[in-house]
Amino acid sequence: MVALADPARSEAVLVGVHDYVNLEGLPAVARNVEGLRQVLTDPAVWGLPAEACTVISQPGDVGLVLDTVREKARRASDTLLVYYAGHGLTDPHTDELYLALPHSDREREYTSLRYEYLRRAVLDVQASTQRTVLILDTTGIQRG
Numbered sequence: 001m002v003a004l005a006d007p008a009r010s011e012a013v014l015v016g017v018h019d020y021v022n023l024e025g026l027p028a029v030a031r032n033v034e035g036l037r038q039v040l041t042d043p044a045v046w047g048l049p050a051e052a053c054t055v056i057s058q059p060g061d062v063g064l065v066l067d068t069v070r071e072k073a074r075r076a077s078d079t080l081l082v083y084y085a086g087h088g089l090t091d092p093h094t095d096e097l098y099l100a101l102p103h104s105d106r107e108r109e110y111t112s113l114r115y116e117y118l119r120r121a122v123l124d125v126q127a128s129t130q131r132t133v134l135i136l137d138t139t140g141i142q143r144g
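Structural data, given as structure tokens:
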């Protein structure tokens, strides 16, 4: 039998981008991220302490997301959950995935969060957690 994740030793980072300067807006993302936060912190569902469930809405830069994920990953000894909701972009030359931020431009992939950097942020500290869950809820992956 698999033991359930201990909410007292777990952390979650929920990243949502719903309004963009150069891409189509995704108004449902704001509601989805808040709804997920409510579910994760509900004692009848998982019971994650409110302070262990960080919501980053409309992140202004890549560093904010990566630094928060690294910090939360270091704190988690049981489960780290990272959720991104927003546009996904692919580099037309390499097919590499990028996660769009509010000012992302599909012609300039460096304005987005490179998925590989997020993956590394999780993997760098994965040894301290028993479980790692990374969910990408990318609405309409678009070619750069």
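Numbering of the sequence shown is given in full-length UniProt numbering, commencing with residue 1 and proceeding in unit increments.
The C-beta atom is built at its ideal place from N, Cα and C for all residues, glycine as well.
Subject >> Nearest candidate by alpha-carbon position, reference Val-62, set Leu-136, Ala-121, Ser-128 >> reply: Reading the sequence shown from its first residue, position 62 is the one you call residue 62. It is Ala-121.
Original post:
The alpha helix (DSSP H) spanning Glu-71 covers which residue range?
Top reply: Start at 1 with the first residue of the sequence shown, and residue 71 comes out as number 71. Element bounds for Glu-71: 62–75.
Subject >> Local Cβ density within 10 Å of Leu-4, reported as buried at 16 or more and exposed below that >> reply: As a position in the sequence shown, residue 4 is number 4, starting the count at 1. That one is exposed.
Subject >> For Val-82, the nearest candidate out of Arg-106, Leu-118, Ser-104, Leu-26 (CA to CA) >> reply: Here the question's residue 82 lines up with position 82 in the sequence shown. Cα-wise, what sits closest to Val-82 is Leu-118.
Subject >> Given Val-33 as reference, the closest of Ala-73, Ser-77, Glu-96, Val-15 once Cα atoms are compared >> reply: Position 33 of the sequence shown, counted from the first residue, corresponds to residue 33. It is Val-15 whose Cα lies nearest to the Cα of Val-33.
Original post:
Given that a residue counts as buried once 16 or more other Cβ atoms are within 10 Å of its Cβ, and exposed if not, what is Tyr-115?
Top reply: On the sequence shown, position 115 is the one that residue 115 refers to. So Tyr-115 counts as buried.
Original post:
Going by other Cβ atoms of all chains shown within 10 Å of its Cβ, with 16 needed for buried, is Glu-51 buried or exposed?
Top reply: Taking the first residue of the sequence shown as position 1, residue 51 is located at position 51. The residue in question, Glu-51, is exposed, as its Cβ has fewer than 16 Cβ neighbours within 10 Å.
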